[in-house]
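Residue numbers (the working numbering): 7 to 98. The beta carbon of each residue, even a glycine, is placed where N, CA and C say it ideally should be.
Below you can see the structure in the form of structure tokens.
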């Protein structure tokens, strides 16, 4: 399936700015604004994902956001999350 560029970019924004948009692994108010915009676009493009979005809206945990991100972004999610957690540098 192909997903819109805006949906992908908003999900990347949420994941790369993890420390800004999440508090204790739950979306904060700023993160919720970005998520709702992405969710609205995703449901408009692919209504079959509405149950997944509904579940994520009830519990805006990192786990549920990652489920949606894996659907939309595929395997890129692991790299994005790793970079957000480590920052631009990799420590050994």
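By Cβ distance, which residues of its chain are closer than 6 angstroms to residue i, with the 5 residues on each side in sequence left out?
i, result
"residue 24", "90"
"residue 83", "75 and 76"
Between residue i and residue j, is the Cβ-Cβ spacing less than 8 angstroms?
i, j, result
"residue 19", "residue 79", "no"
"residue 9", "residue 51", "yes"
"residue 59", "residue 75", "no"
"residue 61", "residue 70", "yes"
"residue 68", "residue 28", "yes"
"residue 43", "residue 21", "no"
"residue 12", "residue 47", "yes"
Classify residue i as helix, strand or coil using the three-state DSSP reduction.
i, result
"residue 66", "coil"
"residue 8", "coil"
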